[in-house]
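Under full-length UniProt numbering, think of the first position of the sequence shown as 1, with each following residue one higher.
Built from N, CA and C at the ideal position, the CB exists for glycine as well.
Working notes for the structure below.
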Amino acid sequence: MSGMCGCYISTDTQNMNAKDTNNTVEIFTDGACRGNPGPGGWGVLLRYRGQEKTLSGAEKLTTNNRMELMAAIAGLEALKRRCKVKLTTDSQYLRDGITRWIPGWKRKGWQTGNKTPVKNQDLWRRLDALSSHHDVSWAWVRGHSGHTENERVDALARKALDNL
């Protein structure tokens, strides 16, 4: 991607400026699953100063929540330096988990309030570690409500699932 900012994986470094104050990267994520569990896909749209990059992936046997987590992980993994990030998802599970539940899970040794292991702990730990490297704000939008970027990442997730 020609002209991509230093926050993205890119071979073009001419526009990179680590001291740039306008370094907010927008990340839009979505996951999809056919059956729960079943085959699933995820999609990501990264945007910085009008430049966009899309990512997607799929797994043969997974859950919708794991695909939502994988989308956020993939989006943050694509950043190659510390960035200010606004991550938008249609998953309340993802948004609430990272903003409200994780501190308690960590205090309780990754167990829930009723002392059972946190589901998807492997992915929550990855997401927690990745988000700690960036200044991330988490936003929620209602899925399938006409939000342009959410519709785009939903289509990416479904295409990845179709190509599995």
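Find out if the Cβ-Cβ distance for the pair residue i, residue j is shorter than 8 Å.
i: L45; j: T54; result: yes
i: N65; j: N114; result: no
i: A58; j: L164; result: yes
i: C33; j: M70; result: no
i: L127; j: A72; result: yes
i: T112; j: E149; result: no
i: T63; j: P103; result: no
Near residue i, which residues of its chain fall below 6 Å by C-beta distance, leaving aside the five closest residues on each side in sequence?
i: D154; result: D30
i: R47; result: E26
i: G43; result: D30, S56, V153, L156 and A157
Got a sec, what are the start and stop residues for the beta strand (DSSP E) residue i sits in?
i: G41; result: G38 to Y48
i: S56; result: Q51 to T62
i: A32; result: T24 to C33
Return the first residue and the last residue of the alpha helix (DSSP H) that residue i is part of.
i: D154; result: T148 to D162
Give me the Cα-Cα distance between residue i and residue j, rounded to the nearest whole angstrom.
i: T21; j: R49; result: With a pLDDT of 44 at T21, under the threshold of 50, the modelled position of that residue is not reliable, and the figure given next carries that caveat. For T21 and R49, the distance between alpha carbons rounds to 12 Å.
i: W101; j: G41; result: 24 Å
i: W140; j: R95; result: 7 Å
i: N23; j: V118; result: 34 Å
i: G75; j: I27; result: 7 Å
i: S145; j: E151; result: 8 Å
i: P39; j: L156; result: 15 Å
i: A78; j: T99; result: 21 Å
i: W110; j: G97; result: 12 Å
i: K108; j: T116; result: 10 Å
i: W105; j: S56; result: 29 Å
i: S137; j: E52; result: 19 Å
i: A129; j: K159; result: 29 Å
Could you pull out every residue in the same chain whose Cβ sits closer than 7 Å to the Cβ of residue i, ignoring the five residues on either side in sequence?
i: K135; result: For clarity, residue 135 is Asp in the given sequence; the question names Lys instead. Once the five neighbours on either side are set aside, the close Cβ partners of D135 are K84 and V85.
i: H133; result: R82
i: Y93; result: N65 and E68
Could you tell me if the beta carbon of residue i falls within a distance shorter than 7 Å of some heavy atom in the ligand ZN?
i: W138; result: This structure lacks the ligand ZN, and indeed carries no ligand of any kind.
So, at 8 Å on beta carbons, what are the nonlocal neighbours of residue i in its own chain, with the 5 sequence-adjacent residues on each side left out?
i: R142; result: D90
Entirely within the region 80-141 and at least 3 residues each: give me those beta strand (DSSP E) ranges in chain order. 84-89 and 135-140
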